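Mapping the sequence shown onto our numbering, position 145 (from 1) lands on 146, and the numbers just tick up by one.
In this text, a Cβ means the ideal position worked out from N, Cα and C, and glycines have one as well.
Since this is a predicted model, take the numbers as computed values, not measurements.
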Amino acid sequence: MTNDYTPFVKWAGGKRQLLSTIDKYLPPFGNNYTYYEPFIGGGALLFHLQPKKAVINDSNAEIANCYEVIRDYPDELIADLQEHNRKNNEEYYYEVRDSDRKPEYKTSTKIQRAARILYLNKTCYNGLFRVNSQGQFNVPFGRYKKPAIVNEAVIRAASSYLKQNELTILHGDFKQAVNEAKEGDFVYFDPPYDVLSSTSSFTSYDVNGFDRAEQERLFNVFQQLDKRRCYVMLSNSSTDFIRKLYKNRKYKVLTVSANRAINSVSGGRGKIDEVLVINYEPT
Ligand SMILES: C[S@@+](CC[C@H](N)C(=O)[O-])C[C@H]1O[C@@H](n2cnc3c(N)ncnc32)[C@H](O)[C@@H]1O
């Protein structure tokens, strides 16, 4: 296995810096397992493991579309990104960013939509994907001197991986994404983090719209998959709430130290404890 595949987007909660730790806790899967990643985001673990069969999913339609376009239209995507690169400046950035507020946006092609997201991701402040309540991208310009807008090698590597293997790309809820998971398959859950703030009035507020009821719904799915004898791994913040939820003699709750590079929750940067929950003995 080669590990030179890097994610094609920077993503809040991206797992690149946790990969060497995750490696130590991988399940004893055989050669014929299907990998499930229902909260795919930038897909750091997918590209690291490069499984032969995988089902990936995200509720964010734009990111799911990027995976399809990278697989099916890498040349056209690279050409669109080269054009964005030629035109890039602050004024152009805001023009592209705000295009999703115009009616014509609905008629843009899959390729134009993916190129827009990748262009904004490389040039916006902090590489965040953030939308307002109307679903419109609202991150300011990043003022980078030389952003790597066209990362041809990364796009081509991701494209060959997605094309040459049996990949199903879904855009929906995490629960449906694991419907077909069966004994021996590996499911990695990397949901939006449980909120770290202990400010009582803010405990149920979550910028990702993934509140504690959602964390509980995910826990139920975790248990169902455990019953189906799937190997399940989950990463999350090391909050009392998450620790209590998964406290079960069958599950191992491991504390790992992560460096959060991008976080939309203020005060959430720097070294921080996270948990990895697994339902198996690692290899
Ligand atoms: C922490 S990020 C995943 C980061 C990813 N592992 C990486 O390495 O880049 C969580 C992702 O979950 C997605 N998400 C939020 N709610 C969801 C839901 N109900 N079902 C599926 N995906 C969801 C978000 O759009 C986001 O991309």
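Between Phe190 and Pro39 a beta carbon distance of about 6 Å is seen, short of the 8 Å cut, so the two are scored as contacting. At least one heavy atom of ligand 1 falls within 7 Å of the beta-carbon of Pro193.
Looking at the DSSP output, Tyr194 sits in no beta bridge, so it has no partner there.
When DSSP assignments are scanned along the segment 28 to 61, the uninterrupted stretches of beta strand (DSSP E) that are 3 or more residues long and fall wholly within it turn out to be 36 to 38, 54 to 58. When secondary structure is reduced to three states using DSSP, Phe242 falls in the helix class.
In this structure the segment 139 to 152 does not touch the segment 100 to 111; the number of beta carbon pairs closer than 8 Å is below three. For ligand 1, a non-hydrogen atom lies closer than 7 Å to the CB of Ser60.
Around the beta carbon of Ser238, 16 or more other beta carbons sit within 10 angstroms, so the residue counts as buried. Shortest Cα-Cα distance from Ser160 to any of Ile41, Ile71, Asn166 involves Ile71. Leaving aside the five residues that flank Asn139 on each side, the residues in its chain whose CB is nearer than 7 Å to its CB run, in chain order, Arg131, Val132, Asn133. In this structure, Asp195 sits near Phe242, with a CB-CB distance shorter than 8 Å.
Residue environment for Thr284: exposed (fewer than 16 other C-beta atoms within 10 angstroms of its C-beta). The residues Leu246, in chain order, have a CB closer than 6 Å to that of Phe220 in the same chain once the five nearest residues on each side in sequence are set aside.
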